[in-house]
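Residue numbers (the working numbering): 3 to 86.
Accompanying notes for the structure given below.
Dropping the structure here:
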């Protein structure tokens, strides 16, 4: 186990190997829990939703009709391009 340095602003940077161990990537969240004895527990925050929560999320945007493969691909491409 290594040591981390606290900056003048009170911040600590976790090393890449620790982030990989937690399975987190840029933009992900981690939680910190205070434990007795001045210890802390660091955990990756995982989504708590169910796959069924995603069903029908486009329904309101399509007036109830099904999307074609081409329309779905266009939505995906726009999302990757930052247009949505």
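Ideal Cβ placement from N, Cα and C applies to all residues, glycine included.
Do residue j and residue i count as a contact pair if the criterion is CB distance below 9 Å?
i          : j          : result
residue 47 : residue 31 : yes
residue 43 : residue 34 : yes
residue 45 : residue 24 : yes
residue 17 : residue 29 : no
Measure the alpha-carbon distance for residue i versus residue j and round it to whole angstroms.
i          : j          : result
residue 9  : residue 15 : 9 Å
residue 13 : residue 49 : 26 Å
residue 53 : residue 70 : 21 Å
residue 81 : residue 7  : 38 Å
residue 67 : residue 73 : 12 Å
Counting along the chain, where does the alpha helix (DSSP H) carrying residue i start and finish?
i          : result
residue 46 : Run containing residue 46: none in the alpha helix (DSSP H); it sits in the beta strand (DSSP E), 41-46.
residue 18 : 18-24
residue 53 : Per DSSP, residue 53 belongs to no alpha helix (DSSP H) and is neither H nor E.
residue 74 : 71-82
For the ligand MN, I want to know if residue i counts as a neighbour, meaning its beta carbon is within less than 8 Å of at least one of the ligand's heavy atoms.
i          : result
residue 52 : Here there are no bound small molecules, and the ligand MN is not part of this structure.
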